[in-house]
Amino acid sequence: MTIEEALAKLEGITERLEGDELGLEEAIGLFDEGLELAASIKTRLEEAKIRVEQVVEKTKDAFSLEPLDLP
């Protein structure tokens, strides 16, 4: 699953959890699945950041990066 697919799936889970139609067990299962997806996405984003930093390091003087503040 790509990161974009994982994000879309997490968004779908969030929408379902925000609804009123889930039983407790189903909600807990979706919550657990969502946490696993979120952890996976975070790991993949951190790996991507490291790869970008490595590329930048290889081209030190060609350009520079500015910090990106995410909400």
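Numbering (the working numbering), first residue to last: 6 to 76.
Ideal Cβ placement from N, Cα and C applies to all residues, glycine included.
Specify, as a first and last residue, the run of the alpha helix (DSSP H) that residue i falls within.
i, result
"Glu38", "29-63"
"Thr19", "8-23"
Just to confirm, are residue i and residue j a CB contact at a threshold of 8 Å?
i, j, result
"Ile46", "Ile8", "yes"
"Arg21", "Leu27", "yes"
Would you check if there are 3 or more beta carbon pairs closer than 8 Å linking the stretch 8-17 to the stretch 34-45? As far as the Cβ criterion goes, the stretch 8-17 touches the stretch 34-45, which means the pair count is three or higher.
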